[in-house]
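Data first, discussion second: the structure below is written as structure tokens.
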Amino acid sequence: MRLLGATAPTMQNGVVIKEVDVGQPCLSCKCAGFTYHSWRKSCSTCKCPRESHDVFHEEWVNVKDRIGCKVHLNSDLKLSTREQSISQGYSWIPGGLTPNYVQKYFSTLPASKVPKLGTPGERYRDRQLLLQLPKQDLALAYCKHVDSVHHASYEDFVTARNEIALDIGYIKVNPSNAVKCQRCKGAIGGGDIGVVAPKFGDDVMWHPACFSCDSCSELLVDLTYCVHDEELYCERHYAEQLKPRCAACDELIFSGEYTKAMNKDWHSSHFCCWQCDESLTGHRYVLRDDHPYCISCYESVFANQCEECNKIIGIDSKDLSYKDKHWHEACFLCSKCRVSLVDKQFGAKADKIYCGNCYDTQFASRCDGCGEIFRAGTKKMEYKTRQWHEKCFCCCVCSTPIGTKSFIPREQEIYCAGCYEDKFATRCTKCNKIITTGGVTYKNEPWHRECFTCTHCNTSLAGQRFTSRDEKPYCAECFGELFAKRCTSCSKPITGN
């Protein structure tokens, strides 16, 4: 549902424009509705441009009426009517084409730019009518800032443009062999459709998607164009080839005196602070988000407040920042000793800043080896909840620095692998070497499997029957031979088998 707002006068010198803008919502920021600024082209409520609001045309737009009946158009030009366009489902169609050729024409354009009713393409056409054919360029009645002394110059500009430059193109089926598109130089084959701009001659053609403004590259709305120095323009950018346009009010400047700033042109009275509207001509200003601000407004709206003195950091002061906090250069001091921290290392704790020495003294963590603090840039070795200087991270037995080598922790002490084995590893009773895997226990003493052998013949006893004598193990055969009683008859050992 469209909201009805202000409607421009219906006809001025043959120019028919009915645009509804007041109260229309902003499509960028969702403000309540457009309201006119006293002289800017932007909304006085949200400051977004007028064209960013949902401005619409109260009635169906015939581009010939919008640009004025005084334009010297090709007498053979056929323009589509409202009924013809709507009957085919569009807000505009090229004139003089059958429905099949209309579809063929639109099939060559980006879908988002085809003015099909109820689609983004319809809105695109409405917006391009506002931008490419601005009403203030078409009739003096729509201008607010052309002084009476320059009215004649304005009318001369309009008359010359309408007679020399402004025209409407038309669609033509190429009847002959391929011709080159004026823009892309690609072929337009025989039987293909192209756009003809009569002011360039009837033999010059463009692909439909190439018929665009040489300045903004937008498709020329409803095939309406201007020619200047053999270049193709929309009316807006044609006018800007000849006259400066005020960046504030969007009107052409006919006065010989105007302001140039920020690579833009301004009426001298319109180069003003974006916040308070005070003139900036001859004054210092600050650019923010492509808008100029006087010094006072910039500092009140954008300048940061100093954490130390709570005063505004003006544009002439150096603003030092750390984690969204700001200081004057003279206020950037250690919270404890008050020494300047400019260009020095510092630390932060509980929303306060400290010089390196004060921070280390109060807050720096300490080495679990030597008890000294960790200075800035010092390498730190950590294990679980403990931390050491690199040189302090040593074996508790041999004091050798461990660095990145393997280590073994035991009861709050750190051991290198060698010292840990020496002190805590299980050793064989026989060879006194470390038992790394397996092993045999005999009388609560550890043995390598290969070391647990018969005392007499050295046969391995692991997993075998054996007998001990005088705390020494013997295999059954050796024990019998050495210690068992012998049979009186056969003299063999009596072993119990």
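UniProt numbering puts the first residue of the sequence shown at 1, with every later residue one more than the last.
Glycine residues also receive a C-beta, built at the ideal position from the N, C-alpha and C atoms.
This structure is a prediction, so every number in the text was calculated from the model and none was measured.
Closest residue to Lys336 among Lys325, Thr385 and Asp351 (Cα-Cα distance): Counting from 1 along the sequence shown, the entry for residue 336 is found at position 336. Selection Lys325, Thr385 and Asp351 evaluated against Lys336 yields Asp351 as nearest (Cα-Cα).
Length of the line joining the Cα atoms of Met181 and Lys104: In the sequence shown, counting from the first residue as 1, residue 181 sits at position 181. In the sequence shown, counting from the first residue as 1, residue 104 sits at position 104. The question names Met, but residue 181 is Cys in the sequence shown. Straight-line Cα distance between these residues: approximately 17 Å.
Contact the segment 193-209 vs the segment 30-48: 3+ CB pairs below 8 Å: As far as the Cβ criterion goes, the segment 193-209 does not touch the segment 30-48, which means the pair count is below three.
Residues bridged to Tyr285 (per DSSP): Here residue 285 is taken as the residue at index 285 of the sequence shown, counted from 1. Within the DSSP bridge table, the entry for Tyr285 names Cys294 as partners.
Assigned exposure category for Val16 - 16 Cβ within 10 Å defines buried: Against the sequence shown, residue 16 aligns to sequence position 16. The residue is buried, with at least 16 neighbouring Cβ atoms inside 10 Å.
Alpha-carbon to alpha-carbon, Glu155 and Ser321: Residue numbering aside, residue 321 sits at position 321 when the sequence shown is read from its first letter. Residue numbering aside, residue 155 sits at position 155 when the sequence shown is read from its first letter. Each residue's alpha carbon lies about 56 Å from the other.
Exposure of Arg66, with buried meaning 16 or more beta-carbon neighbours within 10 Å: What you label residue 66 is simply residue 66 of the sequence shown in a count that begins at 1. Residue environment for Arg66: buried (at least 16 other C-beta atoms within 10 angstroms of its C-beta).
Residue closest to Ala247, alpha-carbon to alpha-carbon, out of Glu257, Phe254, Met262 and Ile402: To locate residue 247, count along the sequence shown from 1; it is residue 247. Nearest neighbour of Ala247 by Cα position, chosen from Glu257, Phe254, Met262 and Ile402, turns out to be Met262.
First and last residue of the uninterrupted alpha helix (DSSP H) at Glu122: As a working note, residue 122 is residue 122 in the sequence shown. In the DSSP annotation of this structure, the continuous segment of the alpha helix (DSSP H) that includes Glu122 starts and ends at Pro120 to Gln132.
Cβ contact check for the segment 166-177 and the segment 138-150: 3 or more pairs under 8 Å: Three or more beta-carbon pairs separated by less than 8 Å are not found between the segment 166-177 and the segment 138-150, which leaves the two stretches without contact.
Per-residue burial, Val173 [other beta carbons within 10 Å of its own, 16 or more giving buried]: Locating residue 173 in the sequence shown gives position 173, counting from the first residue. Its Cβ having fewer than 16 others within 10 Å, Val173 is exposed.
Member of Leu482, Thr437 and Cys395 whose CA lies at the smallest distance from the CA of Tyr420: In the sequence shown, counting from the first residue as 1, residue 420 sits at position 420. With distances taken between Cα atoms, Tyr420 lies closest to Cys395.
Burial state of Gly282, where buried means 16 or more other Cβ atoms lie within 10 Å: Residue numbering aside, residue 282 sits at position 282 when the sequence shown is read from its first letter. Exposed, because fewer than 16 other Cβ atoms sit within 10 Å of the Cβ of Gly282.
Counted within 10 angstroms of its Cβ, other Cβ atoms place Gly190 as buried (16 or more) or exposed: Indexing the sequence shown from 1 puts residue 190 at position 190. The residue is exposed, with fewer than 16 neighbouring Cβ atoms inside 10 Å.
Entirely enclosed beta strand (DSSP E) segments - the UniProt domain "LIM zinc-binding" (179-243), minimum 3 residues: Counting whole runs of 3 or more residues, the UniProt domain "LIM zinc-binding" (179-243) contains the beta strand (DSSP E) stretches 193-196, 224-228 and 231-233.
Whether Tyr359 touches Gly347 by CB criterion (8 Å): Translated into the one-based positions of the sequence shown, residue 359 becomes position 359. Translated into the one-based positions of the sequence shown, residue 347 becomes position 347. In this structure, Tyr359 sits near Gly347, with a CB-CB distance shorter than 8 Å.
Alpha-carbon to alpha-carbon, Cys234 and Ser215: Taking the sequence shown and counting its residues from 1, one reaches residue 215 at position 215. Taking the sequence shown and counting its residues from 1, one reaches residue 234 at position 234. Those two C-alpha atoms are separated by around 8 Å.
Check whether Ile295 and Arg288 have beta carbons under 8 Å apart: As a working note, residue 295 is residue 295 in the sequence shown. As a working note, residue 288 is residue 288 in the sequence shown. It is not a contact, given that the beta carbons lie outside the stated cut-off.
Same chain, Cβ closer than 7 Å to Glu122, neighbours up to 5 away in sequence not counted: Taking the sequence shown and counting its residues from 1, one reaches residue 122 at position 122. Hits under 7 Å: Ser91, Pro115 and Lys116.
Under 8 Å between C-beta atoms of Glu251 and Leu130: One-based indexing of the sequence shown puts residue 251 at position 251. One-based indexing of the sequence shown puts residue 130 at position 130. A distance of 8 Å or more separates the beta carbons of Glu251 and Leu130.
Cα-Cα separation between Arg245 and His237, rounded to whole angstroms: Working through the sequence shown from its first residue, we reach residue 245 at position 245. Working through the sequence shown from its first residue, we reach residue 237 at position 237. Roughly 10 Å between the two C-alpha positions.
Cβ of Asp250 within 8 Å of any chain B Cβ: Of the protein chains in the structure, only one exists, and it is not chain B.
Close-in-space but distant-in-sequence residues of the same chain around Trp266 (CB under 7 Å, 5 per side omitted): Numbered from 1 along the sequence shown, position 266 holds the residue referred to as residue 266. Cβ neighbours of Trp266 within its own chain (closer than 7 Å, five residues either side excluded): Cys246, Ala247, Ala248, Tyr258 and Thr259.
DSSP beta-bridge partners of Gly347: On the sequence shown, residue 347 is found 347 positions in, with the first residue counted as 1. According to DSSP, Gly347 bridges with Tyr354.
contact_flag[the segment 428-436, the segment 405-420] where n(CB pairs < 8 Å) is 3 or more: Contact annotation: the segment 428-436 does not touch the segment 405-420, with fewer than three C-beta pairs closer than 8 Å.
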